[in-house]
Structure formats: structure tokens, C-alpha cells
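Residue numbers (my numbering), protein chains in the order written: chain A, 1 to 493; chain B, 494 to 819. Ideal Cβ placement from N, Cα and C applies to all residues, glycine included. Shown next, in C-alpha cells, is the structure this report addresses.
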């Protein structure tokens with residue numbers, strides 16, 4: 001009998017049909033991979049399972065008992081717990097306090113029993129082989145170790161179902177392996193595990209079954225052994241992969257950016273490369289390979305870096321982003337919310353923000369509009385009005401605002417750091433179309449991406465980095481995925 | 494129109510409050526609603542308004558200047574002593590002296606905040622005590638009284654030009670300059686960007702330290718300018734000059750919808766906030782509320798206005814959370 005079962009679960013928000021009549025089941029001691037593009041409804045299902053959303057209709061059965069949650073606490077007590085990358089944790093508190101927050105064991109006077117707390121925590125940490133102690137301050141832990149803290153938190157409540165939402169997004173290869181060892185441990189303790197992930201290697205290595213969502217509906221489910229990554233991708237996207245990455249060839253001209261011997265005491269060493277006008281240079285590497293760090297250094301954000309730069313044939317010194325923008329080099333950062341869009345400012349003010357220098361002291365709405373309008377049209381930005389706050393836009397449209405902002409500066413070299421991370425399929429292919437257009441217009445583009453298919457399809461050449469060094473350079477037309485991954489991971493192919 | 498209402502919701506709410514307060518006071522005491530009292534309230538609100546108009550961008554930049562009243566006291570005392578020893582100095586020179594001294598005191602704040610990287614609340618809390626303490630030192634605890642000031646200085650704030658007092662004209666000038674600076678200039682836009690998202694501002698090449706240094710120096714200069722008007726208007730320079738006034742300045746901003754978290758605030762809101770605060774102080778005695786109650790009632794009114802305002806502004810900014818699939 002199926003241990004966890006959801007039946008015809010439905011949740012609609014006004015016009016958005018987030019989840020429509022989805023049913024699937026999961027046995028204890030098994031891992032189910034819940035896959036789908038962004039916006040497919042995965043998070044909504046997770047939220048219904050953890051009591052954050054109330055289903056419009058349908059039911060959840062655990063061990064054949066129907067469950068209705070009116071709060072996350074009830075789901076937690078029933079034994080369903082989720083591990084999110086963005087779960088709020090308390091940096092200034094200890095591991096033990098984070099694990100027991102809200103459930104501190106207390107004496108009869110309501111005082112926290114610190115000894116019990118620490119002892120119990122250490123027991124749990126031992127169970128998952130965590131390499132840190134219960135009284136360690138959380139702020140000293142790595143991202144991977146913080147995930148373990150969340151798992152430990154799940155174990156305090158004797159969780160029966162553990163939901164992991166993109167647990168390895170920020171982890172290095174070694175950390176991922178450690179993490180999945182813990183997952184295996186949970187399996188052997190007969191927990192039912194739902195793994196929400198985009199990473200196919202993880203799905204095929206660790207999952208037993210899968211369920212694929214598209215536009216809020218279940219489009220496929222079954223045993224992992226009976227499917228392939230191609231089949232899953234086709235289910236997720238509802239179309240062939242090739243269509244996602246339309247690549248057109250642009251004419252390559254003179255060298256636009258020449259980077260010579262860039263080094264940093266701890267982050268990267270002896271990096272030299274060049275990009276031509278009309279060329280897309282891909283940068284691939286595992287997380288922590290130093291790709292973003294080198295790009296930020298080129299952009300003038302890292303004063304400790306040394307090296308020489310030529311832009312359009314001229315030697316330039318870049319000490320801050322101001323210099324970089326003046327010389328026509330711009331960097332679109334990976335972290336859109338934190339260092340990209342300014343949410344509580346209007347679309348217009350966001351787009352003109354990097355170009356204010358050319359206005360002089362006083363701003364003019366007309367000049368700002370003249371600057372922004374052609375770009376907003378070119379990028380088919382969907383918004384009610386230029387004065388709308390960026391906070392009100394969808395992720396894809398926010399990304400378009402950020403791109404417009406940088407294109408408004410008339411750059412010669414554009415560095416895109418994970419430009420399609422966390423945006424939906426439609427917006428993604430638009431970003432790719434735009435990249436094609438930019439190189440047609442003579443820009444030199446550097447694409448930093450962790451998504452191998454994206455790097456392989458969009459780039460002309462690919463640089464592979466590992467541990468702060470450039471380890472290989474390939475012609476993108478003449479290289480296989482295996483060769484690239486082998487170099488990135490340091491495995492001899 | 495709809496969009497204007499949406500983006501200026503806080504200001505609209507405050508405006509309704511202001512009119513409602515006037516109506517209520519007018520119903521209890523009809524004589525209050527006269528050109529004469531409105532003129533008096535306006536005249537009375539100017540010094541607060543000017544100070545609030547420079548506190549606003551500071552709060553927008555995620556900072557605060559608590560030393561503003563102490564700066565005002567020290568500069569006011571120094572200018573008063575200068576004027577006492579040189580009675581022939583014209584008002585313009587005294588105003589320029591005030592601006593100069595105030596700017597130096599503001600620059601000290603700027604130095605602490607940008608070079609030594611102290612949090613603004615700590616830096617200005619420190620200089621608040623230092624400047625106030627220096628007021629005692631330079632004056633030896635003595636007051637400068639009305640007979641020590643030249644008549645031209647004492648007349649200056651209240652004299653009328655085309656029916657309006659000098660202070661009232663100055664408030665119009667201040668509003669225009671503030672609108673120009675904080676809404677129409679690159680500097681103002683960059684300050685707003687910094688307050689909204691410091692990291693994103695850095696990425697587009699906004700140099701945080703020079704901008705903040707300029708901002709706190711301007712704030713000091715404006716406090717110095719206001720100090721001369723203050724001394725002239727109240728015809729006294731004492732060690733207790735404007736004591737605690739920095740909190741009224743901050744309250745006027747907050748009332749006006751300037752978010753203490755940074756990034757949000759307008760000249761219009763700040764102007765309404767200052768007017769509202771002064772209206773309260775002036776109206777309560779008129780409607781026969783015991784002076785013992787007044788401060789507490791003003792406090793409650795501030796809290797109510799801010800709570801209502803906050804709920805009005807709540808819809809905006811909810812998406813600070815990361816975009817997740819629905």
C-alpha cells in the first residue's frame with residue numbers, strides 16, 4: 001500500500017492554475033524525484049504538503065489516514081517536513097538552538113533544559129555523521145552543513161516524509177556526495193523522500209520514482225529505471241530540447257576584450273582569455289570554480305585582483321564598476337534580487353540607473369524615456385506602465401529590466417552570469433534569442449552558466465575552470481558534454 | 494491617475510489625515526479655521542520642515558542624523574556670540590557663517606560614517622553629545638538674550654514680503670530645492686538607489702562613500718542655516734536650544750511615509766508630515782486639551798498615523814521575497 005498518496009490535489013490562485021488535479025504516491029524508504037520547469041507547480045505541491053497552502057480540492061493520505069492541515073505546525077507534527085534552500089535560519093544562534101527552535105525541551109518552570117538540548121542534538125548529529133558539534137554557532141557552518149542542520153531538525157520530530165527542495169543548488173561536488181550519503185541513511189531509516197531538483201544526474205543516481213509536472217498538471221510518473229533524461233526533458237518542456245536553444249551564427253570581428261594574467265591571492269590564478277566582437281564565450285565550471293569571482297574582478301569589484309585588460313584594442317585600468325561601465329564593459333550579476341533590480345523603484349528608474357552619468361546633474365523624464373522605450377520594446381518587456389515598481393513584475397520581466405539597464409549603457413562587452421537561473425522556459429528562450437541578437441549587433445558576450453546544455457548550445461568557444469584555474473578551452477562545435485564535465489570535475493576522460 | 498494614487502498612497506493617506514484633523518478642530522473651535530491661524534501654523538512649521546527635508550534623504554539612504562538639533566544649538570550659539578561681539582554684521586553674513594559652521598559639523602559626521610565606517614546612528618549619537626557639550630563650553634553656560642542681537646536679525650524671520658513672512662518664502666524655496674535635489678537630480682536618484690539596494694547600486698557604479706559624505710555635509714550646512722533663523726525667531730541662544738528637536742524631525746519624516754528601512758520617501762510626504770505635526774501641537778491647546786496631555790496625545794497621533802500609513806504602503810514591497818513558482 002502506498003505510504004504517502006496525494007489524490008486530485010488542486011490549487012488555483014485567481015487566474016493562475018498553479019496545480020490541477022495532481023495525483024501520485026510514494027513508498028516509505030524511497031526517493032521520488034519531483035521535476036518540472038519553474039512555474040510548473042512543484043512549490044505549490046510542496047506548500048500544500050507542508051500546510052502552507054490549503055488545497056482547493058483533493059486529499060493527502062499518509063499511511064492511509066487522510067490529512068488536513070490548517071497550519072505548517074500541524075504538517076510538521078504529522079511528520080511531513082521540508083528542507084528549503086531559503087529556510088530562515090538564525091546565524092547568531094547555535095546549531096542546537098536552530099534545530100530545536102520553537103520546540104525547546106523545557107523544565108516545568110518553562111526554562112530551557114540546555115543539557116538535554118545539547119545531548120539530544122549531538123545524538124542526532126551523530127546519526128547523520130555531521131562534522132560539527134551541537135553548540136557550534138550556525139554562522140561558522142558552510143551551506144552544505146546548514147542543510148545537515150535542517151535534516152537534523154527534521155529528525156527531531158521523527159519525520160516520516162522529508163521533502164527536499166533543490167537541496168544541492170549551492171553545494172560543491174564533494175558536498176553533494178556527502179549530502180546524498182545522508183539521504184541514503186534516511187532511506188534506510190524508512191523515510192519517504194521527495195526530491196525537488198533540476199539536476200538530472202542526481203535524479204538518475206538517487207531517485208527510485210519520478211513525477212513530472214508541466215503547467216500545474218501531472219504529465220508523467222513512473223520508475224526511474226524505465227525512463228531516460230531525454231524522455232524527462234521532453235515531458236517537462238513539452239517540446240524538443242533543441243528548440244530551447246536557438247543559436248544563430250554571428251560574424252566575428254576584432255578582439256573586444258583581452259584579459260591577461262588575472263590573479264587573486266585566494267580565488268583564481270593566471271587567467272587569460274579574449275573575446276571577439278560577435279562571439280559568445282562560455283565559462284563552465286562547478287560551483288566554487290571561481291567563474292563569478294574572475295568576472296567580478298574584471299568588472300572592478302575586487303580590489304585584490306591583479307592583471308591587465310584591453311578593451312577594443314586599448315589598455316584600460318578598471319578600479320571600480322564606474323570605470324568598467326565607461327569603457328563599455330558591463331556585468332549582469334547572477335543574483336538578480338540582491339544586486340540586479342531595485343525592487344522599490346520604477347521600471348523607468350531602473351533602466352536608466354546605470355546610464356545616469358550621461359544625463360549630467362539633472363534628470364529628465366523625456367531623456368529617460370527615450371533611453372528606455374526602445375529597449376523595453378526590443379526585449380518585449382511586459383508591464384502596465386514605466387512607473388510600475390519592479391517588485392510587481394514576474395521574475396522573467398525583472399530580468400528583462402536588468403538587461404535593459406545594462407544594454408542602455410551601450411556596452412561593447414557584456415558578461416552574463418547565470419542569466420537564465422530561476423526564470424521560466426519562455427523567458428529563458430527569450431534571453432537566448434536576445435544573446436543571439438546582441439552578438440549580431442557586434443557585442444562580445446561572456447556567458448557564465450552552470451547549465452551545461454546552455455553553455456554548449458549558446459557558446460562559440462567554451463572555457464572550463466576548476467578550482468580557480470582555467471583548465472581547458474574548447475571549440476563548442478567540436479566537443480562533447482563528457483569532455484567538458486571531465487575537465488570541470490578533474491576526472492581524466 | 495490610478496498609478497499616481499498607487500505610488501503615492503502614503504502621501505494620499507496623510508493628506509486625508511491632515512484635512513480630517515483640520516475639520517475636527519474646526520468643528521470644535523470654528524475660529525481656528527482662519528487665514529490667520531493657517532498663516533501662523535505655516536510660519537511655525539518652517540524650521541521643522543527645512544530640517545525634515547534633509548533628514549528625509551538621509552533616512553532614505555538607510556542612515557539617520559541624530560546630531561541635527563545639537564548641531565543647530567552649537568552653530569546657533571556660535572553665530573549668536575559672533576553677532577553679540579560684532580553687532581554690525583549683516584544678516585546675510587550671519588546666515589553664511591551658520592551654513593559654514595554647520596557644514597563643518599556635518600562633515601565631521603560624514604568623516605565618521607564614510608571613512609571610519611561607523612553606523613550613522615552611532616556616529617551621530619556620539620556627535621550629538623559632543624556638539625551639545627561644546628555648546629556649554631563655548632557659551633560658558635551663559636545665554637545670549639534678545640538685547641544682545643541686532644534688530645535686523647530679530648526682525649528677519651517674521652518680516653513680510655508680499656504678504657508672506659520671510660520664513661514662509663524660505664519654506665517655498667526649500668520645498669523647491671528639495672524637490673530639485675531629491676527628485677530631479679542624479680544625486681537624489683543615486684541616494685534612493687543606495688537606500689533601496691546598496692549592492693545593486695554598487696554594481697551600476699554608484700560610489701557610496703562620496704555620496705553619503707556629501708549628504709551628511711549638506712545636512713550639517715542646512716542645520717547651520719536653520720540655527721540662525723531659530724536664534725533670530727526665538728530671540729535667544731541658550732544651551733538648551735532645540736533640545737530633543739531631532740526626534741521631531743525624524744517623526745515628521747516617518748509621519749510623511751519615509752521608510753526607516755530606507756529607499757522610500759518623498760518631499761511631498763515629508764512636507765505633509767511636518768505640517769501635520771505642527772498642526773497637532775497648535776490645535777491641541779485650541780481645543781482645550783490640558784497641556785499635561787498634549788505630548789502624549791501627539792505621540793499617539795504619530796503612532797496611529799504611522800500604523801495607518803504602513804498598512805497603506807504594505808502591498809508594495811511584498812515581493813522582496815524571492816520569486817517562487819506559484
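Every beta strand (DSSP E) of 3 residues or more that sits fully in the stretch 95–173 of chain A is shown, in chain order, as 161–165. Looking from the CA of residue 446 of chain A, the closest CA among A:128, A:414, A:92, A:262 belongs to A:414. Counting only the Cα atoms, residue 70 of chain A lies some 18 Å from residue 161 of chain A.
Between the alpha carbons of residue 659 of chain B and residue 535 of chain B lies a gap of roughly 11 Å. Here the alpha carbon of residue 522 of chain B sits roughly 56 Å from the alpha carbon of residue 101 of chain A. When the Cα atoms are used, residue 79 of chain A and residue 163 of chain A turn out to be separated by approximately 11 Å. Rounded to whole angstroms, the separation of the alpha carbons of residue 339 of chain A and residue 569 of chain B is 43 Å.
Contact between the stretch 541–559 of chain B and the stretch 680–689 of chain B is present, with at least three C-beta pairs closer than 8 Å. What residue 353 of chain A touches in chain B, judged by beta-carbon distance under 7 Å, is 686, 697, going in chain order. Residue 46 of chain A and residue 13 of chain A have their C-alpha atoms some 16 Å from each other. Taking 8 Å as the cut-off between beta carbons, none of the residues of the stretch 510–533 of chain B comes near chain A. The beta carbon of residue 153 of chain A is closer than 6 Å to those of 99 in its chain, skipping five residues each way along the sequence.
The beta carbon of residue 405 of chain A sits closer than 7 Å to those of 350, 351, 353, 354, all from its chain and outside the five residues before and after it, given in chain order. Within chain B, not a single residue places a beta-carbon under 7 Å from that of residue 292 of chain A; the smallest gap is close to 13 Å. DSSP places residue 648 of chain B within a helical segment (H, G or I) once states are collapsed to three. Closest by C-alpha distance to residue 380 of chain A, out of A:368, A:134, A:398, A:479, is A:398. Non-local beta-carbon contacts of residue 770 of chain B in its own chain, meaning distances under 8 Å to residues more than five positions away in sequence, involve 538, 541, 741, 744, 745, 748, 791, 795 in chain order. Chain B has no Cβ within less than 8 Å of the Cβ of residue 257 of chain A.
Those residues of the stretch 741–757 of chain B placed with their C-beta closer than 7 Å to a C-beta in chain A are 756, 757, ordered along the chain. Between residue 757 of chain B and residue 454 of chain A the beta-carbon gap is near 37 Å, outside 8 Å, which marks them as no contact.
Within the same chain, Cβ atoms closer than 6 Å to the Cβ of residue 443 of chain A are found at 414, the five residues on either side in sequence being excluded. The stretch 652–671 of chain B makes no contact with the stretch 583–592 of chain B; the number of CB pairs closer than 8 Å stays below 3. Excluding the 5 residues flanking it on each side, residue 285 of chain A has same chain C-beta neighbours closer than 7 Å at 291, 464, 465, 466, 488, in chain order. Going by C-alpha positions, residue 385 of chain A is about 29 Å away from residue 439 of chain A. DSSP links residue 273 of chain A through a beta bridge to A:259. The Cβ atoms of residue 235 of chain A and residue 214 of chain A sit closer than 8 Å to each other. DSSP places residue 470 of chain A in the uninterrupted beta strand (DSSP E) bounded by 469–475. When the alpha-carbon of residue 775 of chain B is set against those of B:684, B:801, B:515, B:675, the nearest one is in B:515. Rounded to whole angstroms, residue 174 of chain A and residue 127 of chain A show a C-alpha spacing of 20 Å. Residue state for residue 699 of chain B is assigned as coil, using DSSP reduced to three classes. Residue 804 of chain B has a beta carbon lying at 8 Å or more from every beta carbon in chain A. Every alpha helix (DSSP H) of 4 residues or more that sits fully in the stretch 756–791 of chain B is shown, in chain order, as 760–779.
The DSSP assignment places no complete run of the beta strand (DSSP E) inside the stretch 365–404 of chain A (cut-off: 3 residues). Residue 700 of chain B has a beta carbon lying within less than 8 Å of a beta carbon in chain A. Boundaries around residue 620 of chain B are those of the alpha helix (DSSP H), 613–632, since no beta strand (DSSP E) includes it.
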